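*Asks:* Residue numbers (the UniProt record's numbering): 1 to 153. For glycine and all other residues, C-beta sits at the position ideal for the given N, C-alpha and C. Treat the numbers as computed from the prediction; the structure is a model and nothing was measured.
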């Protein structure tokens, strides 16, 4: 026996029950299943009005998933590819900037753990962190190694 065919709204709710989606991403997924006469934009407006679809929640979710492994430029590029822009993007960028050095050190510590002994090893570590989207200032801070103890006491 075949499973019943889901309506467009049913599909949207199924997607949203699995994880947060951006409006752009959900529209792209629903377009594959839309039939003539279906108004995807009206459905997305309805979902946003009822707070089932939220660009802010999506952005927070994506940052939570990606920030531990990637630098600001990579996370921001992914946010932009999902349609996050304007003032919301500027706020998210400033929030990410505050923690980039610490995140770079953490990623460096997990991957390498020891300060490079020669130029080739240092270059390898630098390329790795730059490919992850960390800024050059954060990469320089990470390549110095994790602080052994606090300087406060």
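1. Between residue 134 and residue 111, is the Cβ-Cβ spacing less than 8 Å?
2. Would a C-beta distance cut-off of 8 Å place residue 62 and residue 53 closer than the cut-off?
3. Grab me the residues of residue 115's own chain with a C-beta within less than 8 Å of its C-beta, minus the 5 sequence neighbours each way, in chain order.
4. Tell me whether residue 72 sits in a helix, a strand or coil according to DSSP, three-state version.
5. Please look up how many angstroms separate the CB atoms of residue 160 and residue 83, rounded, as I've assumed it's under 8 Å.
6. Can you grab the Cα-Cα spacing for the pair residue 99 / residue 40, in whole Å?
7. Taking only the alpha-carbon atoms, compute the straight-line gap between residue 102 and residue 35 and give it to the nearest angstrom.
8. Could you name each continuous alpha helix (DSSP H) segment of 4 residues or more that falls completely within the segment 52-103, going from the start of the chain to the end?
*Replies:* From the atom records:
1. The Cβ-Cβ distance between residue 134 and residue 111 does not fall below 8 Å.
2. Contact: no.
3. Apart from sequence neighbours up to five positions away, the residues of its chain that approach residue 115 with a beta-carbon distance below 8 Å are 143, 144 and 145, ordered along the chain.
4. Reduced to three states, the DSSP call for residue 72 is helix.
5. Because residue 160 is not part of the residues shown, which for the chain are 1 to 153, the question remains open.
6. Whole-angstrom Cα-Cα distance: 38 Å.
7. In this structure, the straight-line span from the alpha carbon of residue 102 to that of residue 35 is close to 48 Å.
8. When DSSP assignments are scanned along the segment 52-103, the uninterrupted stretches of alpha helix (DSSP H) that are 4 or more residues long and fall wholly within it turn out to be 55-66 and 72-81.
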